[in-house]
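Enquirer: Have a look at this one.
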Amino acid sequence: MYLCRTLKDMRRIKKIKVHREGTGLLLSTFTILFIVNVTLFYTMSNKFTFYSVLVVSTILFLIILNFFRSPYRRFPFDSEGLVIAPADGVIVAIEEVMENQYFHDKRIQVSIFMSVFNVHANWFPVNGTVKHVSHQNGRFQAAYLPKSSTENERSTIVIRTNYGVDVLTRQIAGVMARRIVTYAKEGEYYEVNEQMGFIKFGSRVDTFLPLDTEILVEMDQKVTGNQTPIARLGKITYTPQES
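Here it is in structure tokens:
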């Protein structure tokens with residue numbers, strides 16, 4: 001039994017890799033830290049200083065490495081009709097709001113806050129064709145604040161499902177976030193197992209859903225991107241759209 005558990009852990013580790021968005025930063029950080037520590041080792045007579053800097057450097061590098069981890073994930077069930085969490089984090093908002101950028105009508109907003117310790121890759125919440133992609137410059141307030149959804153720098157993606165339901169997902173920068181990467185392209189068809197983008201450091205992802213959507217999560221609930229169903233779209237009574 002122990003051997004089986006060990007083999008499972010090894011397979012899980014193999015499925016976790018460094019995200020491509022972090023490769024350059026990790027290489028440059030490692031190079032700088034390596035040069036600093038080698039210089040201290042050969043120039044400092046007080047080895048306590050060297051070992052102190054080495055420990056701090058190692059912890060810093062491991063934190064950055066942990067931030068840019070990219071686990072291999074596949075949603076294990078039929079996702080049609082479901083809305084899957086687009087990001088890891090905690091549910092910080094479930095409310096009916098007026099969405100004024102694209103829909104200009106009322107929607108249910110479900111917001112996920114990502115701390116610096118969460119995986120920061122973002123997945124498509126539904127299967128469908130991207131109808132709209134846009135980027136808005138803005139502020140870098142704390143991402144857990146409600147006004148960050150409309151005032152912070154953000155990218156907006158609208159996906160039309162196979163049944164014609166439009167779902168809007170918004171990547172939002174936070175205090176520490178300085179770059180939002182969006183892979184979605186208008187006119188392209190995507191599935192929930194594909195990555196939608198990446199946000200560097202603390203941030204938030206909002207999803208706007210039709211009012212007849214059944215919400216499957218609660219406030220303060222922890223969710224996992226591409227794994228946790230957060231909603232079930234309303235009763236479908238029309239013919240699927242051709243992808």
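For the sequence shown, our numbering begins at 1 and goes up steadily by one. Glycine included, C-beta positions come from ideal geometry on N, C-alpha and C. This structure is a prediction, so every number in the text was calculated from the model and none was measured.
Leaving out the 5 sequence neighbours to the left and right, which residues in its chain are closer than 6 Å to TYR190 when beta-carbon positions are compared?
Expert: As a first step, residue 190 is located in the sequence shown; it is residue number 190 there, counting from the start. For TYR190, where only same-chain residues beyond five positions count, the Cβ hits under 6 Å are PHE124.
Enquirer: Can you tell me the Cβ-Cβ gap for ILE108 and LEU211, rounded? I've got them flagged as a contact below 8 Å.
Expert: Working through the sequence shown from its first residue, we reach residue 108 at position 108. Working through the sequence shown from its first residue, we reach residue 211 at position 211. So it is a contact: roughly 6 Å between Cβ atoms.
Enquirer: So LYS185 and VAL130 are supposed to be a Cβ contact under 8 Å. How far apart are they, rounded?
Expert: Here residue 185 refers to the residue found at position 185 of the sequence shown. Here residue 130 refers to the residue found at position 130 of the sequence shown. Their Cβ separation, rounded to whole angstroms, is 6 Å, which keeps LYS185 and VAL130 in contact under 8 Å.
Enquirer: Pull up the distance between the alpha-carbon of SER57 and that of THR213, whole angstroms please.
Expert: Mapped onto the sequence shown, residue 57 falls at position 57. Mapped onto the sequence shown, residue 213 falls at position 213. So the two alpha carbons sit approximately 48 Å from each other.
Enquirer: Starting from the Cα of ASP206, find the closest Cα among PHE68, ARG170 and LYS222 and give me that residue.
Expert: By 1-based counting over the sequence shown, the position of residue 206 is 206. With distances taken between Cα atoms, ASP206 lies closest to ARG170.
Enquirer: Return yes when the Cβ of LEU25 is within less than 9 Å of the Cβ of PHE64, no when it is not.
Expert: Against the sequence shown, residue 64 aligns to sequence position 64. Against the sequence shown, residue 25 aligns to sequence position 25. Reading off the sequence shown, one finds Ile at residue 64, where the question assumed Phe. Yes, the pair counts as a contact, with Cβ atoms nearer than the cut-off.
Enquirer: Less than 9 Å separating the beta-carbons of GLN221 and ILE91?
Expert: Here residue 221 is taken as the residue at index 221 of the sequence shown, counted from 1. Here residue 91 is taken as the residue at index 91 of the sequence shown, counted from 1. Going by C-beta atoms, GLN221 is nearer than 9 Å to ILE91.
Enquirer: Expressed to the nearest angstrom, what Euclidean distance is found between the alpha-carbon atoms of VAL133 and VAL158?
Expert: Working through the sequence shown from its first residue, we reach residue 133 at position 133. Working through the sequence shown from its first residue, we reach residue 158 at position 158. So the two alpha carbons sit approximately 7 Å from each other.
Enquirer: Measure from the alpha carbon of LEU62 to the alpha carbon of each residue in ASN162, ASN122, LEU27 and GLU99, then state which is nearest.
Expert: What you label residue 62 is simply residue 62 of the sequence shown in a count that begins at 1. Among ASN162, ASN122, LEU27 and GLU99, the Cα nearest to that of LEU62 is on LEU27.
Enquirer: Would you report the Cα separation of LYS17 and PRO71, rounded to the nearest angstrom?
Expert: On the sequence shown, position 17 is the one that residue 17 refers to. On the sequence shown, position 71 is the one that residue 71 refers to. LYS17 and PRO71: Cα-Cα distance of roughly 6 Å.
Enquirer: Select from LEU168, THR156 and ARG204 the residue whose C-alpha is nearest the C-alpha of ILE112.
Expert: Against the sequence shown, residue 112 aligns to sequence position 112. Checked all of LEU168, THR156 and ARG204; the closest Cα to ILE112 is ARG204.
Enquirer: Mind checking ARG74: buried by the 16 CB within 10 Å criterion, or exposed?
Expert: Along the sequence shown, read from residue 1 onward, the residue named residue 74 stands at position 74. Classification of ARG74: exposed, given that the 10 Å Cβ count is below 16.
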